[in-house]
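Residue numbers (this note's numbering), protein chains in the order written: chain A, 1 to 289; chain B, 1 to 156.
Idealized CB from N, CA, C, for every residue including glycine.
Here the structure is laid out as structure tokens; the discussion comes afterwards.
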């Protein structure tokens, strides 16, 4: 029993350690904390993304494109087609914004495919070499598995939605719709009667969108990461002398391969869904009800 | 797991990346793609035009060849005609020449015959004279009997 007890403590500690962010406090309240690991890996993803879609784009040739340029162009045309299909207003920002969402989320999700222990282990080893306690070397490398990233992006989309709504429809029309849509009424009495319901529905709608948008992405990535951690736990602290290690090790390889392969689909799909829903929200904001 | 200041930074970072892409990335890629599309469209239309030109040239060449053939046939016809004409003319000339030569030859023969006849006549006369002399045993005065002799000559 004692052995099991230490093992379960060990396992919980391992999981908790993996789910702990490298945080720096910048203020007194709990909100004034920064997840440094999220920011660093977001920056890396942004650098990769900007290298492809800004640095390479500036040198894009209209002649025969290279392989990398072909990929970049394929993605750009794909996003451009989607935006043109859905968003009928005129806005220069929607298409680049959709591309950024898709690209950034894809790259950030992609970090989930790196071996779950690789970078945290390297980070802890570095800590140890530097003479610090490796137990306090926290590192979570998937920015989208940190609620802050999806929520931050979803709020950006929310702000963008309001901006597009106001610029495409005008201030009066935009705020007027708060009270006149989705329930339309004939005559002033009906309009006044329905306006509270319209306002309430509109407010709920506007609040729910960023939440659903961010939680869908966060939930998928967090669950994905958790399952990778659980797969990693299968041989946690195992010795080669135990028979179970060989069975679990084999199971771990199969499960790790299967989940990674499946996850390739998920990370792309989630990036795509986030982008498409954002485009839909933006186009809904631009169109009159 | 609780939302904290990171979300504000992430949101702003997202806007920053969007701005960079919108300002420096997207237009370049779209411009390159559109330019290439134009180039391809131009290339295709040029190829189409070239194909049409080639077809036109082929048609023109065929036309030329046909014309040349007709002309050559005409020339050959004319040449044949001319050759026939020349041969005909040569034949006519030859016939004319032959007739002429025949006439000359005939005249010649006639002349020769005439001459021979004259000679013969002279000889016959001489013979007759000699015979007559012998018969008469005397010399006939040629001058006295010239008229008689001439008459005799014409009679022979």
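Next on the checklist: Does residue 67/B come out as helix, strand or coil in the three-state DSSP assignment?
Outcome noted: helix
Checklist entry - Do the CB positions of residue 249/A and residue 238/A come within less than 9 Å of each other? => result For residue 249/A and residue 238/A, yes; Cβs fall inside 9 Å.
Item to check | Span of the beta strand (DSSP E), counted from its first residue to its last, around residue 24/A | outcome: Taken as a continuous stretch (DSSP letters only), the beta strand (DSSP E) holding residue 24/A covers 23-25.
Next on the checklist: Just checking: is the beta-carbon of residue 1/A within a distance shorter than 9 Å of some beta-carbon in chain B?
Outcome noted: Bear in mind that a pLDDT of 31 at residue 1/A, under 50, signals an unreliable position, so the number given afterwards is only what the model happens to contain. So, not an interface residue.
Next on the checklist: Under 7 Å, CB to CB, which of the residues in the region 38-71 of chain B have a partner in chain A?
Outcome noted: 39
Next on the checklist: Can you confirm whether the region 29-37 of chain B touches the region 171-179 of chain A when touching is taken to mean that 3 or more C-beta pairs between the two stretches lie within less than 8 Å?
Outcome noted: no
Next on the checklist: Can you check which of these residues, 274/A, 282/A and 285/A, is closest to residue 103/A by C-alpha distance?
Outcome noted: 274/A
Checklist entry - Expressed to the nearest angstrom, what Euclidean distance is found between the alpha-carbon atoms of residue 110/A and residue 187/A? => result Looking at the two C-alpha atoms, the distance is approximately 55 Å.
Next on the checklist: If the criterion is Cβ atoms closer than 9 Å, does the pair residue 93/A and residue 20/B meet it?
Outcome noted: no
Checklist entry - Start and end of the beta strand (DSSP E) containing residue 231/A? => result That residue, residue 231/A, is in no beta strand (DSSP E); its alpha helix (DSSP H) goes 187-233.
Checklist entry - Is the region 214-230 of chain A touching the region 139-148 of chain A, taking contact as three or more C-beta pairs under 8 Å? => result Using a Cβ-Cβ distance cut-off of 8 Å, the region 214-230 of chain A and the region 139-148 of chain A are in contact, since at least three pairs of beta carbons, one from each stretch, lie closer than that value.
Next on the checklist: I need the straight-line Cα distance from residue 62/B to residue 73/B, nearest angstrom please.
Outcome noted: 16 Å
Next on the checklist: So, at 8 Å on beta carbons, what are the nonlocal neighbours of residue 38/A in its own chain, with the 5 sequence-adjacent residues on each side left out?
Outcome noted: 21, 140, 143, 146, 148 and 149
Item to check | Cross-strand partners of residue 161/A (DSSP beta bridge) | outcome: According to DSSP, residue 161/A bridges with nothing at all.
Item to check | Proximal residues of chain B, C-beta to C-beta of residue 70/A below 8 Å | outcome: The premise fails here: residue 70/A is roughly 11 Å from chain B at the closest Cβ pair, so nothing lies under 8 Å.
Checklist entry - In terms of residue numbering, what span does the alpha helix (DSSP H) encompassing residue 154/B cover? => result 146-155
Checklist entry - Are any of the Cβ atoms in chain B nearer than 9 Å to that of residue 120/A? => result For residue 120/A, no Cβ of chain B is located within less than 9 Å of the residue's own Cβ.
Checklist entry - Alpha carbon to alpha carbon, how far is residue 153/B from residue 123/B? => result 10 Å
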